[in-house]
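Visitor: Take this structure first; my questions come after.
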Amino acid sequence: MFASTSICGSDKQQFLENARTARDEREKERRREDAATRINSVVRGFLARRHVGRCTREELDSFLASEEPASAAQLYYNARKLMYFYVWLEPNTSGELGKDNVRLQAMCSRIINSMEGTSKDQNYVEAMSDQKISIHWIALTKKLLVTVSDNLKRLQPTVNTHLNAIALYLHVLVTMTNVNSWKLCAQLEPLKPALKQLEGKFVAHLFASGLSANLRYLLLAAVVRQRPLLGRASLTAVASLALRPLVDASSTLANAETGAGGSNPNVEEATNLLIMHFLSVPAVVHQLRSIAPDSLVLLRQYDVLGRSVVLLRNTQKLRIMFNALEASFALCLFANLVDLAQQMALEEPTRLESMAEGFIAVATTILESCQQYVGKKQSALSHYHPLLGWFSQKVNSGHQEVIPHIKTQLQLLWGTTLSQLLFKPLFVMQFKLEDSPPPRVETSAKAQINEVINLIRGSGSRSNSVLMKISSPEVNSVALTCNLYETAIASLSELRLDILTGLSFQSSDLLPRLWRLISALGGQASGKAKAFLDLLQQNVKANSLEFQILKLFCNCTSHLIVVLDDRELYEEQRPFSLADLVAISAFLNIFLYKIIVNQLLDLKSLSSCPLFTASHSLLMLLYRRDSRRNFTPRDHWLVKAKFATLLTDLENGKPWAQLVIQRLPHVLPHRDRVQLFRRRVQHERMCVLNGAESTHISVYRTRIVEDGFQQLNALSPQELKGTIRVRFVNLQGLDEAGIDQDGVFKEFLEETIKRVFDPALNLFRTTNEQHLYPSATSYINENHLALFEFVGKMLAKAVYEGIVVDVPFATFFLSQILGHHQNIQYYSYIDELPSLDEQLYSSLTYVKNYKGDVQDLSLFFCIDDDSLGRIVTHELVPAGRTMAVTNENKIRYIHLTAQYKMQTQIAEQTKAFIRGFRSLIRPEWVAMFSAPELQRLISGDDTGIDLADLRANTKYFGGFHNNHRVISWLWDVLRSDFSPEECRLFLKFVTSCSKPPLLGFANLEPPFSIRCVEVADDLDNGDTLASFMRTFFRVRKKDPVDRLPTSSTCFNLLKLPNYQRKDTLRDKLRYAISSNTGFELS
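Reminder that position 1016 of the sequence shown reads as 1016 in UniProt numbering, one-by-one numbering, no gaps.
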């Protein structure tokens, strides 16, 4: 037996470890050998392929360089070689294409040349006749076409060599997908159906491989520019290729024209593809019309617009379409559809009329979809879009060059041709007197008032013979069109003025016809309002379609009223007669009043209600225009409302009462509004004066303005609203005797206002009518803006205290105090310009109505100003010196010139004045008044002086009484001997203002007083018992012929000598008031 051997545990472990290591080494060696074998195989394969590729490319280069004609088989086999080894290489920095790309171009050229040649054997298509290679030929051609299609996306149209390649590739695609262009097809007429099937396979394979997306990419790179990079042939080829699925899906031309194939899924799919990848390209239709107009024939031939409308009218499909596109591309789709509709309106108007309802529905829906991304103001997440305004989606910067083209397309929507066709249901409506324009109304004739009253009562001769129901189909058709344009105004925020201008001026009869339609909904003003009010009760959100008629009418008419000058509005009366304007204002006045009083809308959100905003804007424009130059009958703006009831509800905080005062204050008589103003002031004064101490100031008579400014300008508004006591200091530096019981302060206020408004100080200037407005050169005064703020405070203090001051302001400046200019959309500077410079207004009106080319006048967007003897040129727009005024921009030039004169050059002065004025007078208090009414609030009533009212509110001192002989003579002289102008001079002599207080002399502060002045005793204050007895018993009989009447305007006091003869009183008083003598301080 063998001897046993024992192995210890450690040796056994070592043995196993060594065996494992040996196995691992053998495995690594095997892997290294396998890797070496594979690497060797790959390298050999690579080298072999490179060698074969090099040899093949050399053969290809030799073939392509040869000028000898090639057979169809040679073309096939060489094309096969090229496609087997073809590799796309990105162009180098200079744009040079790779060699395979050059070979592909050469091969494509040879194929195209062969197919355009006359030799059958040399035609590339002939290779398909060989049954051995026909299937491979089809596969090769598909691969070739897909490669060419993909290269359209890869090439750069900005490089000339690439542009040539693009043109060639497009030629290949067009030729290979149109068997009718194959010359061989004419020789193989029996095989034409089979070839047509082959063409369909090529087209289907191409579009399944992304041809539509490649064409879109090409268009975005080459056509979305101010001037397209593609030529006429290339653009026509792109349009033809984009239409190819639709052409193939349409069974016959008749089906394409009538839309019978619209229900065919293939047609819908092809139309969807066309919309997504072709019609959504920015301004593509505009560029086609400019460069390749022949291609538009194809779009009309296959009824692209009609099929698109049919497809997009499906709400679900339109939503899917919009979600696939960015909103900015959806806008481009809308612009292209508008462009196509314009072409159809010119060439096939009846066709467009038949599909107008569908087009309007699709256009409205697209705009509403875009509107959800449009914001009213800038935010951290918004971007500025030149057409949509502030936009919540990112704006594609590559579209900037074609924005003018897109704008041109969109403008077609509100152009004459398209707008009249879309509004055809309105134009075909039968109205009485429709064939003749409304008769002109003479502004000063008594017949005007009678006609207007008859119109309001519904008995006028021009009332409509046929009434319409607001829910009728005819009205609904017009409402749909109005809804489209209202949606466009809301969505295309940057084109709002363009849309309003187009609709207001392109068709001179559109707005009058809209008004006739509104009028036809009721027999009289109240009836017309009732029709809409009844509808509003059923539709409290005011989003009913019929309201769009009223909204569009109000928006367009507001824009029109802003633009029309006085000659057009009052003399030419176009497009509305004055009777029409009276009827429109009556309708809107009662309509809005009923909305507020009956609370037909949510009163808290009236400002955000488009219907209320549009109606209210037009109403206020007409009211302000009427306030400046009257065209309505007396009491036209008033409604039947009890002021006491309104005041009670206002004090109780009723929202409707507050809104009437805020929105429609003119429905109340002016006197009631003044009373309400005085009530508000009085209520605040009671709160201010409760426990407050008076403010005392000392003023040198020679430095009234300076001292007043220094001491009062530092006071807070609350202190200025309180009692201010003034002590004058004479030339000797001594305080003048007397205690200020409001009279001295009144004198201080009047003197301050008189001096600061003196044009010699150059804070204010005067117009030709002697009306005041801020001076543009006021900066020559130190702290001129602080002075303007001080002046505003002093004028406000006078109004606050009820002190009338004879300071006539220019109307445009009063409008700015009221804040009318802040609503730039509905404020016309040119309308207010006559109150500043009638000559400039006439010149600008001449430019506006110039019949020829305005450039003949050599005007530019700048204005020359005489600034302290130096001519300074101000540009109205950036680079305005070089921007010529043309017929297209003359309206903008006119309004910018007026704006500069009335607002821009005095903006800082006006702001300072208004800031001071509003520190005492709340804006909502004076918002109840128009500009002329604010002037009356400042300077008193411009009506005649009521002597009976003055006498009834006169106080007597020094022995005079109401039945005194001298007093009776005085009133008799004023009533019988003095003219109205002399009576105004008398009032100014006594009170420093020639106009009576708005609420009558009972509200004159201090009350008007007459005191007897003795002949030889001027020191007698006239109210002692002795003075009274002497005057009463006529102790002194001597006639004081050497003494004139005097006055103390600070106390509204007339100091009248005890004349013994009536003619002496008459002559002395006439002399005193005419010479403006007799001022003294008692």
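Backbone N, C-alpha and C define an ideal beta-carbon position, used for all residues, glycine too.
None of these values were measured; they are calculated from a predicted model.
#1: Once you ignore the five residues that flank V688 on each side, which residues in its own chain have a CB closer than 7 Å to its CB?
#2: At the level of alpha carbons, what is the spacing between T1077 and T752?
#3: DSSP beta-bridge partners for L1054?
#4: Using 8 Å as the threshold, is the stretch 876-891 in touch with the stretch 846-864, meaning 3 or more CB pairs across them?
#5: State whether the stretch 278-286 contacts the stretch 328-339, with contact taken as three or more CB pairs (one from each stretch) at a distance under 8 Å.
#6: So, with DSSP's three-state summary, where would you put Y302?
#7: Could you compute how far the alpha carbon of A256 sits from the alpha carbon of V297?
#8: Can you tell me where the alpha helix (DSSP H) with E832 in it begins and where it stops?
#9: Under the three-state reduction of DSSP, which class applies to T954: helix, strand or coil?
#10: Can Y124 and L75 be called in contact, C-beta distance under 8 Å?
#11: Label N1058 either buried or exposed according to how many other C-beta atoms from any shown protein chain fall within 10 Å of its C-beta, with 16 as the threshold for buried.
#12: Do S290 and A330 have their CB atoms nearer than 8 Å?
#13: So, for E651: in the same chain, excluding its five sequence neighbours on each side, which residues have a beta-carbon less than 6 Å away from its beta-carbon?
#14: Let's test the definition: count the other Cβ atoms within 10 Å of the Cβ of G869 and tell me whether it reaches 16, buried, or not, exposed.
#15: On the three-state DSSP scale, how would you describe D498?
#16: Classify H51: buried if its beta carbon has 16 or more other beta carbons within 10 angstroms, exposed otherwise.
#17: Roughly how many angstroms separate the alpha carbons of residue 1090 and A796, rounded to a whole number?
#18: Quick one: Cα of L325 to Cα of A520, how far?
#19: Spatial neighbours of D1017 within its chain, please: CB distance less than 6 Å, with the 5 preceding and 5 following residues excluded, ordered by chain position.
#20: I need the DSSP call for Y384, collapsed to helix, strand or coil.
#21: Can you round the beta-carbon distance between residue 1124 and H559 to whole angstroms, since I take them to be within the 8 Å contact cut?
#22: How should S328 be labelled, buried or exposed, when 16 other C-beta atoms within 10 angstroms of its C-beta is the threshold for buried?
#23: With DSSP run on the structure shown, which of helix, strand or coil describes D1063?
#24: For residue 1083, count neighbouring C-beta atoms within 10 Å of its own C-beta (all shown protein chains included) and say buried if the count is 16 or more, exposed if not.
#25: Taking only runs of the alpha helix (DSSP H) that begin and end inside the stretch 600-671, which ones reach a length of at least 4 residues, in chain order?
#26: Using 8 Å as the cut-off, can you tell me whether the stretch 195-214 makes contact with the stretch 163-171, which would need three or more C-beta pairs spanning the two stretches below that distance?
#27: In its own chain, which residues sit with a C-beta less than 6 Å from the C-beta of A657, not counting the 5 before and 5 after it?
#28: Comparing C-alpha positions only, which one of Y829, Q506, E546 sits nearest to V478?
#29: Name the residue from L1044, I133, I830, E747 whose alpha carbon lies nearest to the alpha carbon of P1006.
#30: What's the C-alpha gap between I489 and I499?
#31: To the nearest angstrom, report how far apart V1047 and L1053 are at their CA atoms.
#32: Report the option in F960, P997, D865 whose CA atom is closest to the CA atom of E933.
#33: Going by alpha carbons, who is nearest to N713 out of S775, H784, A776, L659?
#34: The beta strand (DSSP E) that contains C108, what's its start and end?
#35: With DSSP run on the structure shown, which of helix, strand or coil describes L772?
#36: Is R513 helix, strand or coil when you go by DSSP?
Guide: Looking at the coordinates:
#1: As a working mapping, residue 688 is identified with position 688 in the sequence shown. Result list for V688: Q718, K721, G722, in chain order.
#2: Translated into the one-based positions of the sequence shown, residue 1077 becomes position 1077. Translated into the one-based positions of the sequence shown, residue 752 becomes position 752. Confidence is the limiting factor: at T1077 the pLDDT is only 42, short of 50, which leaves the residue's position unreliable, though a coordinate-based value still follows. C-alpha separation (whole angstroms): 19 Å.
#3: The residue given as residue 1054 occupies position 1054 in the sequence shown. For L1054, DSSP records a beta bridge to I1010, S1047.
#4: Counting C-beta pairs with one atom in each stretch, the stretch 876-891 and the stretch 846-864 have three or more that are closer than 8 Å, which means they touch.
#5: A contact is defined here as three or more CB-CB pairs under 8 Å, and the stretch 278-286 meets this definition with respect to the stretch 328-339.
#6: Residue numbering aside, residue 302 sits at position 302 when the sequence shown is read from its first letter. Note: Y302 maps to coil in three-state DSSP.
#7: As a first step, residue 256 must be located in the sequence shown, where it is residue number 256. As a first step, residue 297 must be located in the sequence shown, where it is residue number 297. Unreliable placement is indicated for A256, whose pLDDT of 42 sits below 50; the coordinate value is still reported in the next sentence. Roughly 13 Å separates the two Cα atoms.
#8: Taking the sequence shown and counting its residues from 1, the one referred to as residue 832 is at position 832. Note, E832: alpha helix (DSSP H), 829-832.
#9: Numbered from its first residue, the sequence shown carries residue 954 at position 954. DSSP places T954 in coil when its eight states are reduced to three.
#10: Along the sequence shown, read from residue 1 onward, the residue named residue 124 stands at position 124. Along the sequence shown, read from residue 1 onward, the residue named residue 75 stands at position 75. Against a cut-off of 8 Å, the Cβ pair of L75 and Y124 comes out as a contact.
#11: Position 1058 of the sequence shown, counted from the first residue, corresponds to residue 1058. N1058 is buried by the Cβ-count criterion.
#12: Within the sequence shown, numbered from 1, the residue matching residue 290 stands at position 290. Within the sequence shown, numbered from 1, the residue matching residue 330 stands at position 330. No; because the gap between Cβ atoms is not below 8 Å, this pair is not in contact.
#13: Mapped onto the sequence shown, residue 651 falls at position 651. Here the set comprises nothing.
#14: Along the sequence shown, read from residue 1 onward, the residue named residue 869 stands at position 869. Counting the other Cβ atoms within 10 Å of the Cβ of G869 gives fewer than 16, which makes it exposed.
#15: Looking up residue 498 in the sequence shown gives position 498. D498: helix per DSSP, three-state reduction.
#16: Walking along the sequence shown from the start, residue 51 turns up at place 51. Its Cβ having fewer than 16 others within 10 Å, H51 is exposed.
#17: It is not possible to answer for residue 1090, since the shown part of the chain is limited to 1 through 1082.
#18: Translated into positions along the sequence shown, residue 325 becomes position 325. Translated into positions along the sequence shown, residue 520 becomes position 520. Straight across, the Cα-Cα distance linking L325 with A520 is about 43 Å.
#19: The residue you call residue 1017 lines up with position 1017 of the sequence shown. With a pLDDT of only 44 at D1017, under the threshold of 50, the placement of this residue in the model should not be trusted; the figure read from the coordinates follows. The answer is none, since no qualifying residue turns up.
#20: For this step, residue 384 is matched to residue 384 along the sequence shown. Three-state result, Y384: strand.
#21: Coverage of the chain is limited to positions 1 through 1082, which leaves residue 1124 absent and any answer about it impossible.
#22: Numbered from its first residue, the sequence shown carries residue 328 at position 328. With 16 or more other CB atoms across the displayed protein chains lying within 10 angstroms of its CB, S328 is buried.
#23: In the sequence shown, residue 1063 corresponds to position 1063, counting from 1. DSSP, reduced to helix, strand and coil, places D1063 within a helical segment of the structure shown.
#24: Because the chain in this structure spans residues 1 to 1082, residue 1083 falls outside the shown range and cannot be described.
#25: As far as the stretch 600-671 is concerned, its whole alpha helix (DSSP H) runs of at least 4 residues are 610-628, 643-651, 655-663.
#26: Contact annotation: the stretch 195-214 does not touch the stretch 163-171, with fewer than three C-beta pairs closer than 8 Å.
#27: Here residue 657 is taken as the residue at index 657 of the sequence shown, counted from 1. Take A657, set aside five residues on each side of it, and the residues of its chain with a beta-carbon closer than 6 Å to its own are L646, D649, L650, in chain order.
#28: Position 478 of the sequence shown holds residue 478. Measuring from the Cα of V478, the nearest candidate turns out to be E546.
#29: The count along the sequence shown starts at 1 and reaches residue 1006 at position 1006. Distances from the alpha-carbon of P1006 to those of L1044, I133, I830, E747 put E747 closest.
#30: In the sequence shown, the residue the question calls residue 489 occupies position 489. In the sequence shown, the residue the question calls residue 499 occupies position 499. Taken atom to atom, the span from the alpha-carbon of I489 to that of I499 is near 7 Å.
#31: Your numbering for residue 1047 matches position 1047 in the sequence shown. Your numbering for residue 1053 matches position 1053 in the sequence shown. One point to set straight first is that residue 1047 is Ser, not Val, in the sequence displayed. One Cα belongs to S1047, the other to L1053, and the distance between them is close to 6 Å.
#32: The residue labelled residue 933 in the question sits at position 933 within the sequence shown. If we check each option's Cα against that of E933, P997 comes out closest.
#33: The residue you call residue 713 lines up with position 713 of the sequence shown. Relative to the Cα of N713, the nearest Cα in the group S775, H784, A776, L659 belongs to H784.
#34: For the purposes of this step, residue 108 is taken as residue 108 along the sequence shown, with counting starting at 1. No beta strand (DSSP E) holds C108; the alpha helix (DSSP H) holding it covers 99-116.
#35: Indexing the sequence shown from 1 puts residue 772 at position 772. L772 falls in the strand class under three-state DSSP.
#36: For the purposes of this step, residue 513 is taken as the residue at position 513 of the sequence shown. When DSSP states are grouped into helix, strand and coil, R513 belongs to the helix group.
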